[in-house]
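Chains as they are written, first to last, in this note's numbering: chain U, 977 to 1207; chain H, 977 to 1207. Every residue, glycine too, gets a C-beta built ideally from N, C-alpha and C. This one's a predicted model, so the numbers in the text were calculated from it and none came from an experiment. Beneath this line is the structure, given in structure tokens, with notes to follow.
Protein chains: 2
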Amino acid sequence: MTLQSLPGLAHRFSNPKMLETALTHRSFGKSNNERLEFLGDAVLNMVVAELIYQHRPDVSEGDLSRLRARIVRGKTLASIARRLDLGKHIILGAGEQHSGGQRRESILANTLEAVIGAVYLDGGFAESHEVIRSLCLPLIEALPDAEALKDAKTKLQEWLQAQGLSLPDYQLIAEQGEDHAKQFTVACIVEGLAGDRFVGTASSLRKAEKLAASQALVVLSGELNPVPGDN
Amino acid sequence: MTLQSLPGLAHRFSNPKMLETALTHRSFGKSNNERLEFLGDAVLNMVVAELIYQHRPDVSEGDLSRLRARIVRGKTLASIARRLDLGKHIILGAGEQHSGGQRRESILANTLEAVIGAVYLDGGFAESHEVIRSLCLPLIEALPDAEALKDAKTKLQEWLQAQGLSLPDYQLIAEQGEDHAKQFTVACIVEGLAGDRFVGTASSLRKAEKLAASQALVVLSGELNPVPGDN
């Protein structure tokens, strides 16, 4: 029995083979959903861009990007895929099936993108737009303020610019631990504030920089809780 | 006089204000093309993805991405913008105008994206699809073989996998010179080929890794000219 649609998906395939391909993981064989995933990723990125563009007429380009990233990231797409119960329909190779591939975040997210690519090819742009709108609009409406999505480094930079100060410099000052458990210590240095050096230590450079920036922001701006939503 | 279209652009604006906004750089003022650029970038990425998907039925997802990157990169978009003589119509602040902003690659590329975003909003998806198709299809048809676009690291990885060998490891072994003229030396190490260590030195880690991979590929595969088109 070939599926013509999925419960919760606002499109009925005129070519059900297309849906089958979209549901087939590369572990199953050579005819799989990887090309459709490439296409669906592009369609999804575009339609979500447009929905957010229309929904947030006042936010800047940078904020539009950050808001979109919240929707098109693997974690969010996997949650949508779970809502559609996509895992039940994914066609996996035996190995992946036994190791629980149908529940893995990356497989769920990629399969959802492939299904969107298949809807676009089977039903056209307007149909894929409608499918994406119905899946994503509730999430877009629930997005936090763009301000809350900025990470500490962005916020620090903006705060310094507003004060007419120079941009911060991040320097790796220590690296400790074995390869599998490295800890990086980074200093955030602001020219003109020579006495102040803010330090963060974490398991990656990026995280350590964010911690250092966050510390600088707290001290310099006097804010006590400057980075909500930074994850 | 408000422009309703641009020579070479297959769309006549029913709302010419939209085209004007698309042509306005942020140096000119608060009402500028940055949001339209965000939208146009997404539309362009999607339509180019679809055109390449259709045009290259046999290439893998990774190759589709590499091929698309060739079209949507700043250099290519700026060349299209020059063909449309876009620089003549870009509205810049006085400072940018005097420093030749209308000829700068990034400004040309971003303005082209904004114009595409404006076409989408003014004329709908089919119209923007046609505009992008007419601008990009000749370039898509002229794209090289996907194989030629792979960089040395990708090629080395694929070659090692085909031989059943483990993936290479890249290690920074030296860093020399002042901050403004740093030279990085990277070793490419392949487990199981203990005697062989391939080294590259360049002004960035990425370039040094590519050189080391390229050297490994030459020696291991016996190919003499393994990385054409790697730029």
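{"Check": "Separation of I1067/H from I1092/H, as counted between CA atoms", "Outcome": "16 Å"}
{"Check": "Where the beta strand (DSSP E) containing I1165/U begins and where it ends", "Outcome": "Q1159 to I1165"}
{"Check": "Residues that R1011/U contacts on chain H, provided the C-beta gap is smaller than 7 Å", "Outcome": "Y1029, E1037 and L1040"}
{"Check": "Alpha-carbon to alpha-carbon, I1165/H and W1135/H", "Outcome": "14 Å"}
{"Check": "Of the listed residues S990/H, V1024/H, L1111/H and I1083/H, nearest to G984/H (C-alpha basis)", "Outcome": "L1111/H"}
{"Check": "Boundaries (first-last residue) of the alpha helix (DSSP H) holding T1177/H", "Outcome": "Element bounds for T1177/H: not the alpha helix (DSSP H) but the beta strand (DSSP E), R1173 to A1178."}
{"Check": "Any chain U beta carbon closer than 8 Å to M1022/H", "Outcome": "yes"}
{"Check": "Residue range of the beta strand (DSSP E) that includes A1150/U", "Outcome": "D1145 to Q1152"}
{"Check": "Inter-residue Cα distance where the pair is A1192/U and F1174/U", "Outcome": "6 Å"}
{"Check": "Reference D1034/H, options V1162/H, D1121/H, A1178/H and R1182/H, closest by Cα", "Outcome": "D1121/H"}
{"Check": "Per-residue DSSP class, three states only, for I1092/H", "Outcome": "helix"}
{"Check": "Cβ pair H1001/H, N991/H closer than 8 Å", "Outcome": "no"}
{"Check": "C-beta neighbour in chain U for E1026/H, strict 8 Å", "Outcome": "yes"}
{"Check": "Distance between H1105/U and G1099/U (C-alpha atoms, nearest Å)", "Outcome": "10 Å"}
{"Check": "Chain H within 8 Å of A1018/U, Cβ atoms only", "Outcome": "yes"}
{"Check": "Opening and closing residue of the alpha helix (DSSP H) in which S992/H lies", "Outcome": "In the sequence as displayed, the identity of residue 992/H is Pro instead of Ser. Unbroken alpha helix (DSSP H) run through P992/H: P992 to A998."}
{"Check": "Cβ-Cβ distance between G1050/U and S1003/U below 8 Å", "Outcome": "no"}
{"Check": "Residues that I1067/U bridges to, as DSSP identifies them", "Outcome": "T1000/U"}
{"Check": "Start-end ranges of the alpha helix (DSSP H) lying completely within the region 992–1060 of chain U, minimum 4 residues", "Outcome": "992–998, 1010–1031, 1037–1048 and 1050–1059"}
{"Check": "Between the CA atoms of K1186/H and D1127/H - distance to the nearest angstrom", "Outcome": "7 Å"}
{"Check": "Distance between beta carbons of L1084/H and G1063/H, contact taken as under 8 Å", "Outcome": "6 Å"}
{"Check": "Contact under 8 Å by Cβ, A1054/U with E1081/U", "Outcome": "yes"}
{"Check": "Cβ-based contacts, 7 Å cut-off: residues of the region 1099–1111 of chain U near chain H", "Outcome": "F1101"}
{"Check": "Within chain C, partners of F1014/H - CB distance below 8 Å", "Outcome": "Absent from the structure: chain C. Protein chains present are U and H."}
{"Check": "Host alpha helix (DSSP H) of L1132/H (start-end)", "Outcome": "A1128 to A1138"}
{"Check": "Residue environment, T978/U, which counts as buried when at least 16 other CB atoms sit within 10 Å", "Outcome": "exposed"}
{"Check": "Through-space distance from H1065/H to Q1073/H, alpha-carbon basis", "Outcome": "12 Å"}
{"Check": "Segment limits, alpha helix (DSSP H) that includes P1114/H", "Outcome": "F1101 to E1117"}
{"Check": "For L1196/U, three-class secondary structure by DSSP", "Outcome": "helix"}
{"Check": "S981/H to L1097/U span [Cα, whole Å]", "Outcome": "31 Å"}
{"Check": "Coil, strand or helix - G1076/H by DSSP", "Outcome": "coil"}
{"Check": "Cβ-based neighbour list, A1188/H, same chain, cut-off 8 Å, excluding 5 preceding and 5 following", "Outcome": "Y1146, V1162, A1163, C1164, F1174, V1175 and G1176"}
{"Check": "Beta-carbon separation (whole angstroms), M1022/H vs A1018/U, contact threshold 8 Å", "Outcome": "4 Å"}
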